[in-house]
């Protein structure tokens, strides 16, 4: 699959590496542990060591519950509305600009292919377009914050911070400019010095 002649789309790495399954796995473990504890209670009724077993079962249930709560808190997805606040923080207050955010990593092959394109866009369309790169390997929270599944991901925002379009994989400069035009943003390249 390609987006541009000869340049393959290589989804580098899914966000969270399957971490969303952790709460489900812990819930299954809790249910299985509960089943085993109930079964053991039925088998040991009237046994002298029952009191120790009950205490052990209570401690185990508390540990598993704490692990489940931790996993659920850890895997919560942050709201994917950082664009409005970030635009206001990074762009001059008087002139909000359309924004292109590229989420990737400096060691990911398609992300490396995107780097010169982003630099060129940043220079050629200075004052008309804000271009930001966020390394999700160095800043893992950003992946969840922006709802990234695969890197590189490019997100197009209007001047008000609303998401207009999202693309996963390598995206050629010509395709990026064509998408901005399709979205109603006419960009004029700066004259070379």
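In the numbering used here, the protein residues as written are -6 to 186. From the three backbone atoms N, C-alpha and C, an ideal C-beta is built for every residue, glycine too. These numbers were taken from a predicted model, which means no experiment stands behind them.
Going by DSSP, residue 170 is part of the alpha helix (DSSP H) stretching over 166 to 175.
Beta-carbon to beta-carbon, residue 145 and residue 103 are separated by about 6 Å, close enough to satisfy the 8 Å threshold.
DSSP, read as helix, strand or coil, puts residue 97 in strand. In the three-state scheme derived from DSSP, where H, G and I count as helix and E and B as strand, residue 157 is classed as strand.
When rounded, the separation of the alpha-carbon atoms in residue 178 and residue 130 is 31 Å. Contact between residue 147 and residue 93 holds: CB atoms are separated by about 6 Å, below the 8 Å threshold. Looking at the backbone, the Cα of residue 105 and that of residue 98 are separated by about 8 Å.
Annotation for residue 126: 95, 111 place their beta carbon closer than 6 Å to its own, counting only its chain and skipping 5 residues before and after. For the pair residue 149 and residue 184, the Cα-to-Cα distance works out to about 24 Å.
Contact between residue 176 and residue 118 does not hold, since the beta-carbon distance rounds to 14 Å and is not under 8 Å. A distance below 8 Å separates the beta carbons of residue 89 and residue 153.
DSSP, read as helix, strand or coil, puts residue 92 in strand. According to the DSSP assignment, residue 123 belongs to the beta strand (DSSP E) that extends over 123 to 128.
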